[in-house]
Each structure stands twice: as C-alpha cells, then as structure tokens.
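One gets the numbering used here by counting positions in the sequence shown from 1 and adding 210 to each.
Input: a single structure, listed below in structure tokens.
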Amino acid sequence: MTRARRGQTHPRARLADGSFRDRTLAGETLFGLFLDLGSTASAELAGAVGYDWLLVDLEHGAGTEADLPGLLRAVELGGSTALVRVQSGERIKVGRALDMGARGIMVPRLESAEQAREAVTFLRYPPDGIRGVATRVRGAGLGVVSHPEVKRLNERVVGIIQIESTGGLREVDEIAALDGVDVLFVGPADLSHSLGIPGQFQHPDYLAALDRVVAACRAHGKAAGILVYDTAVVPRHLELGFTFVGIGSDGLFVADGANRFFAAVRG
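Quick look at the structure:
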C-alpha cells in the first residue's frame, strides 16, 4: 500500500482536494493570471509569486496542448491552482486538458444555456457527466485513484463559463443556474465588441452587462469573474461583486517591463 511520507498529504487526498472549488463558490476573492507565453519558466515564476490561480490560455496564447503537461507541473510547483482555457468547448479538448491535470476548465465562445449545459457534462465522469474514464492519466494520479474512487474527482473540478457575447448575456441567468457551472467569467473585449461599443468599458451598456452577470451569480450561488489589465480598476470591480479576478497576463507583464526599462535607458 502506498503511504505518504511524514508531513506530506497522501496523493489520493491531493487529487480529490476540492478546497479551491469550495473557496470559489464561497465567494472568497481569488486573484489569478493568464499564461499566454507558453513558457514553463514564466509559469513557475508566476506560481511562486502567490497567485491563487494561473490559467494556461490555449485559445489566444502561444502554448499548445503538447505544452500542457509541463506548464501544469510548473504552475503546481509554485503552489497555485492550475486552470486551462480550452480553444473551444469540444468534449475531446476539455477531456484532454483534464486528463493532463487541469483543476478547472474555462470554456469560451458559448452563446446559450444549452451550449453551456453540454459543456459542463464534459467536465465530470459518469454518472454526473460524460467525461471519458481513464485512471492512468495524470489527472487521475497515474493510477493512484481507483475506479470506485474516481467519481470523487468530479467534486474538485471548477467549471468556468465565459460570458462574452450578447447571446450569453441574454441567457446569463439560465447559465448561472446550471449545476457544474461554478464561475461566470466576463471577457471584456469580446463582450464590448458584441454590444457594439468596442473597448468602451465605462459605457452604460457595458456596465449594465456587468451588473447582470453579478446579479445572476449572486442569485444562484456562483462566482463572478473578469479579466482586467489595469490594477487601478480592481477595487471597483470588487465593489461590483466580482470575486474571481484575473489581473493581466505574463505576456503583458513582459511587454510592459521591457517598454519601461527601455524607455528609462533611452531617457
């Protein structure tokens, strides 16, 4: 029988640990960072900073599915919770990211509650969903978790649905009501474009949309999430009711740092 070393958590306990999902649904403020460089060094560095979560962005980032194992290990090494934004909500893409060890999945470009309902079934093993069962993958501890125990892994997966279009906004209450949807995450750029007010993040229509998302989350006990690129606006979004907050990306920080240092030496 496998035994944990003194002072260590048993692998089964780590795999089934649902504390991050519990914290998310309890409304704890959790800060994260998008990883769009596809760099394990960047992921490890960001994890060491102390972010609650780090999200590997496969939709817009430079990383690929082949990079995921290394990126997820790097995130975990730093102590953050590893999430993945998949390219799309296809069953195989969601399942592969989970098999590689993602603790949560962000699904972009959903336009309706029906699409969201289908997507969340991909997050969990039967009978709660239709995720394919494989116990020898990293996401199931490479065989540490047995078939009778595998359902416990369902309880740890965080389901994040993006609200980034008028279609999703129209059905935001129905989406928030779905079992398996834990976070409604606003995509500010896409949502503003869909509303016909590109980049106008102070426009009344955009602010009203944020209020609708937060209200739906509060009504159904879910977390409201958003990505911001300016730390000055974080307090305002917290006041609005957002608790799952992404603060920029590693690519943004590299570009910002490079620009500032070069500007300083150029005078």
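For each residue, glycine too, the CB sits at the ideal point set by N, CA and C.
Assuming residue i and residue j form a contact by the criterion Cβ under 8 Å, report the distance between their Cβ atoms to the nearest whole angstrom.
i, j, result
"E157", "G397", "Because residue 157 is not part of the residues shown, which for the chain are 211 to 477, the question remains open."
"R348", "P279", "7 Å"
Using a Cβ-Cβ cut-off of 6 Å (strictly less than) and excluding sequence neighbours within five positions of residue i, which residues of its own chain qualify?
i, result
"S404", "S375 and T376"
"Q277", "Correcting the residue type first, residue 277 is Asp in the shown sequence and not Gln. So the list reads G248, once near-sequence residues are dropped."
"T212", "Note that T212 scores 37 on pLDDT, short of 50, meaning its location in the model is unreliable and no value can be drawn from it."
"P170", "Because the chain in this structure spans residues 211 to 477, residue 170 falls outside the shown range and cannot be described."
Exposed or buried, what is residue i when buried is set at 16 or more other beta-carbons lying within 10 Å of its beta-carbon?
i, result
"S356", "exposed"
"G311", "buried"
"R341", "buried"
"A468", "exposed"
"F454", "buried"
Could you pull out every residue in the same chain whose Cβ sits closer than 8 Å to the Cβ of residue i, ignoring the five residues on either side in sequence?
i, result
"V367", "R231, L308, R313, G314, I315, L333 and R334"
"R327", "L388"
"A489", "This structure gives no information on residue 489, because the portion of the chain shown stretches from 211 to 477."
"V382", "I373, L394, R422, V423 and A426"
"V296", "L268, E269, K303, V304, A307, I315, M316, V317 and P318"
Between residue i and chain B, is there a C-beta pair that is closer than 7 Å?
i, result
"G311", "Here there is only one protein chain, and chain B is not present."
Just tell me which of the options has its CA closest to the CA of residue i.
i, options, result
"G456", "G257, G248, L265 and I407", "L265"
"L293", "G242, V391 and E449", "G242"
"G237", "S298, A272 and F452", "F452"
"R428", "L235, G228, D227 and S229", "L235"
"L282", "Q325, E254 and P358", "E254"
"S229", "L420, N364 and V444", "N364"
"Y439", "D466, L352, L420 and H430", "D466"
"G271", "R470, R476, V354 and G458", "G458"
Please list the terminal residues of the continuous alpha helix (DSSP H) segment that includes residue i.
i, result
"T234", "S229 to L235"
"D440", "First-last for D440: undefined, no H or E at that position."
"F471", "D460 to R476"
"D415", "P414 to H430"
"G280", "L278 to G288"
So residue i is in the beta strand (DSSP E); what residue range does that whole segment cover?
i, result
"L333", "No beta strand (DSSP E) holds L333; DSSP gives it neither H nor E."
"T291", "T291 to R295"
"D383", "It is not in any beta strand (DSSP E) - D383 instead sits in the alpha helix (DSSP H) that spans V382 to A386."
"G257", "Segment T250 to V259 is the alpha helix (DSSP H) holding G257; no beta strand (DSSP E) there."
"D267", "W263 to D267"
"L394", "V393 to V396"
Go through its chain and collect everything with a Cβ distance to residue i's Cβ below 7 Å, but skip five positions before and after it.
i, result
"A344", "D309 and A350"
"S252", "L245 and D460"
"Y261", "F241, G242, L243 and S290"
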